[in-house]
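Residue numbers (this note's numbering): 424 to 650. Note that CB positions come from ideal geometry on N, CA and C, so glycine has one too. Structure first, commentary second.
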């Protein structure tokens with residue numbers, strides 16, 4: 424039987440990874456190639472997710488990933504801070520801060536590409552069956568294996584963004600003795616930690632969707648991957 428050329432072989436291998444996950448029968452070399460391809464797909468998924476969330480208003484306009492003040496809960500779920508936001512109205516008070524938090528999330532997403540790429544490059548992909556079992560398995564594995572590291576490295580990006588958009592300045596003002604936020608115990612540190620966590624939740628959500636799309640169309644996914 425004629426030997427398949429390398430591009431066709433790699434396309435076939437990616438189909439295996441994306442669809443049925445039968446890597447073991449291909450042997451050590453094929454497994455190594457498959458993991459490299461999977462890493463490439465995951466890297467591209469992270470790039471695309473971060474590009475989308477870096478667009479102005481992306482976090483705020485999507486209620487499923489909107490970044491809220493600590494204690495306000497998810498969008499529309501109420502809570503102490505959520506109730507105060509509603510009373511103050513759009514564009515003022517805590518609502519104005521919320522918009523700044525989401526702007527900061529977008530700025531952090533824009534700066535986070537190399538952070539995610541580095542984390543993906545260091546993945547061992549030790550649990551291949553678990554990764555290929557779900558359409559967003561690579562994203563799940565990244566979150567499980569490198570979530571703490573990513574939080575630590577994205578936090579400074581969030582702090583810088585919160586400073587740049589003026590969110591920390593407004594928090595300082597509202598946290599003055601007797602201020603609303605002082606009474607609720609909100610600090611710069613708790614805010615920065617919360618925004619980082621919520622931003623990562625949104626990034627992983629978008630990344631999982633991008634990975635699913637790429638793995639559903641493996642031939643198209645190869646377009647942005649270098650071998």
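Rounded straight-line distance, which links the Cα of residue j to that of residue i
i           : j           : result
residue 467 : residue 539 : 10 Å
residue 570 : residue 469 : 14 Å
residue 454 : residue 463 : For residue 454, the predicted structure reports a pLDDT of 47, less than 50, and the residue's modelled location is therefore unreliable. The matter cannot be settled from this model.
residue 639 : residue 632 : 11 Å
residue 617 : residue 522 : 15 Å
residue 547 : residue 535 : 21 Å
residue 609 : residue 537 : 31 Å
residue 614 : residue 484 : 20 Å
residue 541 : residue 492 : 29 Å
Cβ-Cβ separation, residue j to residue i (assumed contact under 8 Å), whole Å
i           : j           : result
residue 488 : residue 576 : Wrong, their Cβ atoms sit about 20 Å apart, outside the cutoff.
residue 623 : residue 573 : 6 Å
Residues near residue i by beta carbon distance below 6 Å, same chain, minus five either side
i           : result
residue 554 : 560, 561, 564
residue 634 : 468, 559, 561, 562
residue 465 : 543, 561
Beta-carbon proximity list for residue i, same chain, < 7 Å, skipping 5 on both sides
i           : result
residue 482 : 476, 488, 489, 490, 525, 528, 529, 625
residue 531 : 577, 580, 581, 584, 622
residue 591 : 585, 611
residue 619 : 574, 577, 578, 581
residue 472 : 626, 629, 630, 633
residue 589 : 523
residue 474 : none
residue 595 : none
residue 448 : With a pLDDT of only 40 at residue 448, under 50, the local geometry of the prediction cannot be trusted, and the value read off the model is given with reservation. Once the five neighbours on either side are set aside, residue 448 has no close Cβ partner at all.
Reference residue i; option with closest CA among the options
i           : options            : result
residue 519 : 617, 557, 593      : 593
residue 637 : 589, 557, 598      : 557
residue 461 : 536, 545, 534      : 545
residue 567 : 543, 535, 485      : 543
residue 533 : 479, 494, 614, 492 : 479
Test: residue i CB closer than 9 Å to a CB of chain D
i           : result
residue 621 : Here there is only one protein chain, and chain D is not present.
Nonlocal neighbours in the same chain, by C-beta distance under 8 Å from residue i, ignoring five residues either side
i           : result
residue 587 : 527, 530
Heavy atom of the ligand MG within 8 Å of residue i beta-carbon
i           : result
residue 622 : Summarising the ligand content, the structure contains no ligands, and the ligand MG is consequently not present.
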